[in-house]
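K.L.:
Next up is a structure, given as structure tokens.
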Amino acid sequence: MKTAGTLGLATAAGFPLTTGSAAALEVDEPAQWTESDVDQIELTDDNTAPVVDHEPDQISEDRLVWDTWPLRNRDGSMAQFNGWQIIFSLTADPGRPEIDTPGDRHNWARISYFYSRDGKSWQEGGLVFEDEDWYGNQQWAGMAIYDEEEDQIYHFYTASEEIDPERFPRIQQEPPGQRLALAKGQTVDAGPNGVELVGENDHHIIGEADGEMYETVHQSSGIIFAFRDPWYFQHPETGEDLLLFEGNTPTPGYDDPNHPKNFNGNIGAMRATNDDLTEWELLPPVLESVGVNQQLERPHFVFQGGNWYLFTITHEFTYAPGLSGPEALHGWVSDSMYGDYEPLNESSLVVANPTEAPLQAYSWDTMQHGSNAVAQSFLNWQGVESDAELDQMSDQELMDAFGGTLAPSLQINLDGDETRIVTEKADGYVPPSTGRGGGQGRQQ
Ligand code: FRU
């Protein structure tokens, strides 16, 4: 197993090196996202995305595209293969008879890959798991790293099981609705004309809700359930292999889904207990939002200047009764993983959709880029003013309004506990130098 020291990354990200047998993560109580933080939420020029005013290209010829993540090296920097970068997206075939509306896409989600030489003109490679051995019956969000020494990709993904809408949210089935999975074994064949993922994957379940720190689907009484969206990183000081994910904190005894206690989102964590990354132990959440928000989706870190920037995305409809916020990217900053997280910009709001187009984009994935960050997202609902309006639309109107491709990325300045949207970048832009240490990746 490589460590932060062998990767030479820690100094570049401004962290002291403490690798060695004595060094280990200090685990502590979760930080809290509070009602008073939410009360501070206010759209400003610094946190409001520009209205998308052009017709973006569809990066897939025939599939809807949403949550997206790049292939990174173990140290978090962008992997490159003969000058190619790779991204992975959740995709679904809208031609399937079961897909009447864009909402149905989640039930048919598969991970596709795309490659590019400039980080913005993406060519479609195909589905990642051609085999039938993957866990679950829907592939939900994750992240992927390439280990250069082992010449293999580690695909972290959510093994999601079918959800019966009649019975939702109490899903009466085994196994549970969402588990964290790892597929390893594939590698990259990068030639002058393109990229292909080659080789067989071995799939492993690496995380399940324990019912104590993380609510199981059977315990859930909430409006929705979460145990998903694994995001791998190496501890920048100790080199330990860690994962963040989206969970819910158990709050038994409240049957009403709209009871504030059922708005119980958290950002969970796990630590690998073997070098193969096939065995993991659950750690306490790093952040909780009980009574505040039900979903803290796709959590991830950006490491910069010795700071841990913790980001997550959330929807308008998942705030607890009496609280409100936009479709947005939120963030907190701390000097350690279980530290005193300060909400960025006092409220935690980092990127909100503009009031004129409140549902235009979603699922921001933030990546370090020099002294800035770049947040990549997908185009969600175009020309729709509210969730209530969506409820009134016909299936065809919903299909027409759904973007289903990559949105313009946003460059964001990170300055201590303040952030500022600096500029809009190209649709789907992922910077080649993303990540700690600005790693060069693999040249073949
Ligand atoms: C965010 C999200 C993820 C999930 C995926 C399912 O857009 O809800 O949390 O993995 O979509 O499609």
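Using my numbering, the letters of the sequence shown map in sequence onto residues 1329 to 1772. Just so you know, even glycine gets a beta-carbon here, dropped at the ideal spot from N, CA and C.
(1) Alpha carbon to alpha carbon, what distance is there between Trp1436 and Gln1632?
(2) Cβ-heavy atom distance between Ser1691 and ligand 1 below 6 Å?
(3) Under DSSP, the beta strand (DSSP E) around Met1727 begins and ends at which residues?
(4) Where does Asn1590 sit, in a helix, a strand or coil, going by DSSP?
(5) Indicate whether the contact test is met: 3 or more Cβ pairs, each with one atom in the segment 1716-1727 and one in the segment 1379-1388, closer than 8 Å.
(6) Please classify Gly1519: is it buried, with 16 or more other beta-carbons within 10 angstroms of its beta-carbon, or exposed?
(7) Among Pro1358, Val1750, Asp1723, Thr1601, which residue has its Cα nearest to the Cα of Pro1425?
(8) Taking the beta strand (DSSP E) that Glu1574 belongs to, which residues open and close that run?
(9) How far does the alpha helix (DSSP H) with Glu1717 in it reach, from first residue to last?
(10) Which residue spans inside the segment 1623-1697 form an unbroken beta strand (DSSP E) run of at least 3?
(11) Could I get the ranges of all uninterrupted beta strand (DSSP E) runs contained in the segment 1406-1458, with 3 residues as the minimum, in chain order?
(12) Cα-Cα, which of Thr1733, Leu1687, Gly1470, Leu1371 is closest to Phe1561?
(13) With DSSP run on the structure shown, which of helix, strand or coil describes Asp1475?
(14) Measuring straight from C-alpha to C-alpha, what distance separates Ser1449 and Pro1649?
(15) How many Å lie between Tyr1542 and Glu1524 at the Cα?
(16) Should the segment 1590-1608 be regarded as contacting the segment 1549-1565, the criterion being three or more beta carbon pairs within less than 8 Å?
(17) Could you spell out where the alpha helix (DSSP H) holding Glu1363 opens and where it closes?
(18) Using the Cα positions of Gly1535 and Arg1626, report the straight-line distance between them to the nearest angstrom.
(19) Please indicate yes or no: does the CB of Trp1450 lie closer than 6 Å to some heavy atom of ligand 1?
(20) Between Ser1488, Ile1749, Gly1756, which has its C-alpha nearest Asp1374's C-alpha?
(21) Less than 7 Å between the C-beta atoms of Glu1489 and Gly1505, yes or no?
(22) Per the contact definition of three or more C-beta pairs closer than 8 Å, is the segment 1606-1613 in contact with the segment 1633-1647?
(23) Any heavy atom of ligand 1 closer than 6 Å to the CB of Asp1395?
(24) Under the three-state reduction of DSSP, which class applies to Arg1541: helix, strand or coil?
(25) Report yes if the C-beta distance between Asn1594 and Gly1575 is below 7 Å; otherwise report no.
(26) So, for Ser1364: in the same chain, excluding its five sequence neighbours on each side, which residues have a beta-carbon less than 8 Å away from its beta-carbon?
(27) Keeping to the same chain, check which residues put their C-beta closer than 7 Å to that of Ser1691; ignore five residues upstream and five downstream.
P.N.:
According to the structure data:
(1) CA-CA distance, Gln1632 to Trp1436, rounds to 37 Å.
(2) Yes.
(3) Element bounds for Met1727: not the beta strand (DSSP E) but the alpha helix (DSSP H), 1723-1729.
(4) Asn1590 falls in the helix class under three-state DSSP.
(5) Segments in contact, no.
(6) Classification of Gly1519: exposed, given that the 10 Å Cβ count is below 16.
(7) Comparing Cα-Cα distances from Pro1425 to each of Pro1358, Val1750, Asp1723, Thr1601, the minimum goes to Asp1723.
(8) Going by DSSP, Glu1574 is part of the beta strand (DSSP E) stretching over 1569-1576.
(9) Element bounds for Glu1717: 1715-1720.
(10) Annotation note: the segment 1623-1697 contains the following uninterrupted beta strand (DSSP E) runs of length 3 or greater, listed N- to C-terminal: 1625-1632, 1635-1642, 1656-1662, 1677-1680, 1689-1697.
(11) Annotation note: the segment 1406-1458 contains the following uninterrupted beta strand (DSSP E) runs of length 3 or greater, listed N- to C-terminal: 1413-1420, 1438-1444, 1451-1455.
(12) With distances taken between CA atoms, Phe1561 lies nearest to Gly1470 out of Thr1733, Leu1687, Gly1470, Leu1371.
(13) Strand, per DSSP.
(14) Cα to Cα, Ser1449 sits roughly 42 Å from Pro1649.
(15) Taking the CA atoms as reference points, Tyr1542 sits about 37 Å from Glu1524.
(16) Touching, per the Cβ criterion.
(17) Secondary structure note for Glu1363: its alpha helix (DSSP H) is the uninterrupted segment 1363-1367.
(18) Cα atoms of Gly1535 and Arg1626: separation of roughly 16 Å, rounded to the nearest angstrom.
(19) No.
(20) Checking every option, the nearest Cα to that of Asp1374 belongs to Ile1749.
(21) Their beta carbons are under 7 Å apart, which means Glu1489 touches Gly1505 by this criterion.
(22) When Cβ pairs closer than 8 Å are counted between the two stretches, the segment 1633-1647 is seen not to touch the segment 1606-1613, the count staying below three.
(23) Yes; taking the cut-off as 6 Å, the Cβ of Asp1395 has a heavy atom of ligand 1 nearer than that.
(24) Rather than Arg, the amino acid found at residue 1541 in this sequence is Met. It is coil, neither helix nor strand.
(25) A contact, by the Cβ cut-off of 7 Å.
(26) Counting only residues of its own chain and dropping the five nearest sequence neighbours on each side, Ser1364 has no CB closer than 8 Å to any other CB.
(27) Only Trp1394, Asp1395, Arg1626, Ile1641, Ser1705, Phe1706 meet the Cβ criterion.
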